[in-house]
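From first to last, the protein sequence lines are chains H and G.
Under the UniProt record's numbering, the first residue of the first sequence is numbered 1, with each subsequent residue one higher.
Under the UniProt record's numbering, the first residue of the second sequence is numbered 1, with each subsequent residue one higher.
Heads up, the beta-carbon is just placed ideally off N, CA and C, and yes, glycines get one too.
Keep in mind the model is a prediction, meaning the values are calculated, not measured.
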Amino acid sequence: MVLELRFADARLWRYVLRGLADYLDVVGIKLHPDEGLRLKAMDPSHVMMVDFIIPRTAFDEYHVEEETVITINLELASKALRRATKNDRLVLRSDGSRLTFGLVSKGGVERCFTMPLLATKYEEIPELSLELQVQAKTLGPSVASALSILSEAGEILKISVDQEGMSLIASSELGEIEMVFSPTTGTLIDYQPPSDPPQFANTYSLEYFEFIAKVARLSETVTFKLSPDMPCEIDAELSSGALLKVYVAPRVE
Amino acid sequence: MGVNLRELIPEDARREITDLRELMGKVVALDAYNALYQFLAAIRQPDGTPLIDRKGRVTSHLSGLFYRTINLMEHGIKPVYVFDGMPPEIKRYEVERRRMRREKAAELAEKAYAEGRVEEARKYSVQAIRLTQEMVESAKRLLDAMGVPYVQAPSEGEAQAAHIARKGDAWAVASQDYDALLFGAPRLIRNLTISGRRKLPGKDVYVEIKPEVIELDKVLKALGITRSQLIDIAILIGTDYNPDGVPGIGPKSAYQLIKAHGSLEKVLKILPQATFPEDPLKIREYFLNPNVIDEYKLEWHEPDEKRIIEILVHEHDFSLDRVENALQRLKKAYREYFRGKITSLDMWFKRK
Chain H
1 MVLELRFADA RLWRYVLRGL ADYLDVVGIK LHPDEGLRLK AMDPSHVMMV DFIIPRTAFD
61 EYHVEEETVI TINLELASKA LRRATKNDRL VLRSDGSRLT FGLVSKGGVE RCFTMPLLAT
121 KYEEIPELSL ELQVQAKTLG PSVASALSIL SEAGEILKIS VDQEGMSLIA SSELGEIEMV
181 FSPTTGTLID YQPPSDPPQF ANTYSLEYFE FIAKVARLSE TVTFKLSPDM PCEIDAELSS
241 GALLKVYVAP RVE
Chain G
1 MGVNLRELIP EDARREITDL RELMGKVVAL DAYNALYQFL AAIRQPDGTP LIDRKGRVTS
61 HLSGLFYRTI NLMEHGIKPV YVFDGMPPEI KRYEVERRRM RREKAAELAE KAYAEGRVEE
121 ARKYSVQAIR LTQEMVESAK RLLDAMGVPY VQAPSEGEAQ AAHIARKGDA WAVASQDYDA
181 LLFGAPRLIR NLTISGRRKL PGKDVYVEIK PEVIELDKVL KALGITRSQL IDIAILIGTD
241 YNPDGVPGIG PKSAYQLIKA HGSLEKVLKI LPQATFPEDP LKIREYFLNP NVIDEYKLEW
301 HEPDEKRIIE ILVHEHDFSL DRVENALQRL KKAYREYFRG KITSLDMWFK RK
């Protein structure tokens with residue numbers, strides 16, 4: 001197996017791998033010669049699933065000989081990328097036994113970090129079957145900032161939707177914070193309100209949204225997809241056509 | 001003590017739990033006596049003596065119970081402790097033997113301390129550990145205050161815990177002993193209360209202990225035997241009711257004998273020299289039909305902060321700061337995992 005990839009924004013990888021390292025030790029990355037890269041992972045309690053998709057066209061260079069899976073140690077990988085800045089390009093190289101992360105700065109200097117690939121068996125995570133009626137599209141930095149404020153207020157996130165818009169609410173014994181997003185105030189770019197019932201609220205454990213908060217700041221837009229008592233799907237549109245989908249299972253109060 | 005089936009458990013019936021979050025939302029029935037003994041053995045002062053309060057009462061078991069239970073609950077695990085009742089009649093030989101061994105160890109520990117042989121004294125004092133009724137009662141009071149349910153078994157705690165798991169009211173039994181499998185628990189979790197970095201007894205070596213799940217169905221399938229035959233194997237090796245087993249017969253020979261002959265009755269015909277403190281068939285019958293109850297309630301309640309502080313700080317001299325910090329973690333765990341329930345994505349996966 002030989003592969004070499006070049007991606008314009010190394011910081012994106014830094015945030016995604018660092019975020020995953022809070023939940024997992026290792027992760028498998030699937031590479032297809034034509035379709036591109038896909039990283040699908042689920043936290044050990046099966047409450048959160050991450051689906052990170054980078055189409056082949058999103059890479060500056062993409063050379064993958066055959067469909068392959070590389071398994072990496074997330075702690076090591078995120079350490080290697082911790083100094084990646086917005087000006088760094090990422091180079092991924094592998095000979096089948098080792099993986100090199102290269103950070104190429106604006107001036108063309110490459111810092112390389114090489115680590116062994118793991119021989120862990122790759123377990124395919126099944127697809128979810130979800131039909132979600134509400135779609136609320138907003139700006140990534142707004143979501144990042146909202147989630148950061150909410151995480152200071154409590155541990156439970158209530159997402160309430162009606163015909164006017166969506167509210168993110170965190171509460172604890174100390175009080176409640178509500179962040180309102182609506183098309184009329186311009187905080188929602190696009191909104192498909194609930195049809196049946198016309199309004200509802202789901203609750204989630206806020207800790208699983210920390211991952212989204214980290215990546216959302218690099219996203220152009222973030223879309224929340226919801227249905228009553230169903231998992232929440234959050235799609236973050238990233239640079240160059242990369243897409244991060246995060247699914248979080250709801251709480252039953 | 002229990003039967004040692006370790007050598008017999010096939011690798012694919014055993015799974016290491018690398019992250020306790022894998023058990024989130026699952027009810028785990030813990031063998032309370034087993035856990036309390038583990039805490040008494042592991043939580044000691046440098047000279048080997050247990051933690052005590054100013055009145056000289058041992059508190060190691062309360063320390064372990066409090067902090068470890070919070071640790072489990074922080075990972076969303078729903079613990080229920082199952083306490084032993086009266087030991088069954090067939091256990092009287094082993095009960096007596098353990099009492100004598102403890103007394104002997106206590107004497108040796110005292111002697112070693114007097115002569116300044118601290119390491120040796122430490123070893124004997126661990127062997128001399130005795131769980132008193134007072135300790136059990138204080139543990140139950142603490143669990144009550146923490147809002148954690150417990151079940152008082154009529155007889156063996158492991159049998160009751162296995163019964164709770166067989167009925168589907170718990171996902172697994174947690175104990176260091178394998179007996180829960182003999183009692184029919186579908187899953188046994190080992191090392192749940194002692195995971196982490198541990199010193200090997202008598203050596204200056206530390207090992208990382210991780211919890212593991214053993215599934216009864218997989219064990220039986222891989223070995224090609226029934227649960228009754230697994231019990232027969234255990235009786236040949238030695239159980240709590242016949243601790244010496246049959247001399248010269250270890251796990252592998254016992255397995256081969258039962259596989260070849262089918263049952264204990266047939267194996268005993270070719271082992272006329274084998275003697276047992278109790279009728280071995282009665283032992284098997286006890287494992288298959290132990291004395292258990294169906295009247296129990298598994299409900300988790302909001303922790304009672306004042307009562308916890310009263311028990312640990314005012315009665316037993318725990319540090320207020322440490323207890324208060326742990327209480328914050330317990331309250332957070334309760335809000336997050338017990339007041340409501342987090343579902344898992346598993347129920348939304350596409351069926352193949």
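Does the distance from the CB of residue i to the CB of residue j come in under 8 Å?
| i | j | result |
| --- | --- | --- |
| I129 of chain G | R329 of chain G | no |
| A153 of chain G | V58 of chain G | no |
| A222 of chain G | A32 of chain G | no |
| I342 of chain G | A145 of chain G | no |
| M73 of chain G | A333 of chain G | yes |
| M179 of chain H | A136 of chain H | no |
| G241 of chain H | A58 of chain H | yes |
| Y93 of chain G | P277 of chain G | yes |
| R98 of chain H | P116 of chain H | yes |
| V95 of chain G | Y296 of chain G | no |
| I189 of chain G | A172 of chain G | yes |
| V134 of chain H | L243 of chain H | no |
| E7 of chain G | P303 of chain G | no |
| E253 of chain H | G340 of chain G | yes |
Pick out whichever of the options has its Cα sitting closest to the Cα of residue i.
| i | options | result |
| --- | --- | --- |
| D43 of chain H | H:L99, H:D51, H:F59 | H:D51 |
| G154 of chain H | H:E176, H:E127, H:G28, H:T100 | H:E176 |
| L40 of chain G | G:I77, G:P10, G:R122, G:V27 | G:R122 |
| F183 of chain G | G:D244, G:G85, G:H163, G:D169 | G:H163 |
| R227 of chain G | G:P186, G:G76, G:D84, G:P251 | G:P186 |
| S125 of chain G | G:Q133, G:V80, G:R102, G:K306 | G:R102 |
| A180 of chain G | G:A105, G:L288, G:E119 | G:L288 |
| E61 of chain H | H:T120, H:K225, H:G36 | H:G36 |
| E315 of chain G | G:G56, G:E22, G:D294 | G:G56 |
| A170 of chain G | G:E16, G:P10, G:F318, G:V27 | G:V27 |
| R251 of chain H | H:E127, H:S151, H:L139, H:N202 | H:N202 |
| S63 of chain G | G:I249, G:D84, G:D317, G:P247 | G:D317 |
| I156 of chain H | G:K350, G:R335, G:F349 | G:R335 |
Give the straight-line distance between the Cα atoms of residue i and residue j, rounded to the nearest whole angstrom.
| i | j | result |
| --- | --- | --- |
| K111 of chain G | N34 of chain G | 28 Å |
| L92 of chain H | M347 of chain G | 36 Å |
| R83 of chain H | S105 of chain H | 11 Å |
| E65 of chain H | D34 of chain H | 10 Å |
| F338 of chain G | G76 of chain G | 8 Å |
| F181 of chain H | G168 of chain G | 44 Å |
| T100 of chain H | T18 of chain G | 27 Å |
| A8 of chain H | M230 of chain H | 35 Å |
| R307 of chain G | Y191 of chain H | 50 Å |
| R14 of chain H | S94 of chain H | 18 Å |
| A139 of chain G | T85 of chain H | 53 Å |
| R22 of chain H | I225 of chain G | The question names Arg, yet the displayed sequence has Asp at residue 22 of chain H. Using only the alpha carbons, I get a separation of about 42 Å. |
| H261 of chain G | E299 of chain G | 46 Å |
| T68 of chain H | H32 of chain H | 7 Å |
| K218 of chain G | I9 of chain G | 9 Å |
Buried or exposed, going by whether 16 or more other CB atoms sit within 10 Å of the CB of residue i?
| i | result |
| --- | --- |
| I270 of chain G | exposed |
| H63 of chain H | exposed |
| N73 of chain H | buried |
| Q163 of chain H | exposed |
| C232 of chain H | buried |
| G186 of chain H | exposed |
| T132 of chain G | exposed |
| K91 of chain G | buried |
| I169 of chain H | buried |
| L206 of chain H | buried |
| P50 of chain G | buried |
| Y204 of chain H | buried |
| Y206 of chain G | exposed |
| S60 of chain G | buried |
| E158 of chain G | buried |
Inter-stretch contact (C-beta, 8 Å, three-pair minimum) for the region 205-215 of chain H and the region 18-37 of chain H: Contact between the region 205-215 of chain H and the region 18-37 of chain H is present, because at least three Cβ pairs lie under 8 Å.
Stretch pair the region 25-33 of chain H + the region 319-326 of chain G: three plus CB contacts closer than 8 Å: The region 25-33 of chain H makes no contact with the region 319-326 of chain G; the number of CB pairs closer than 8 Å stays below 3.
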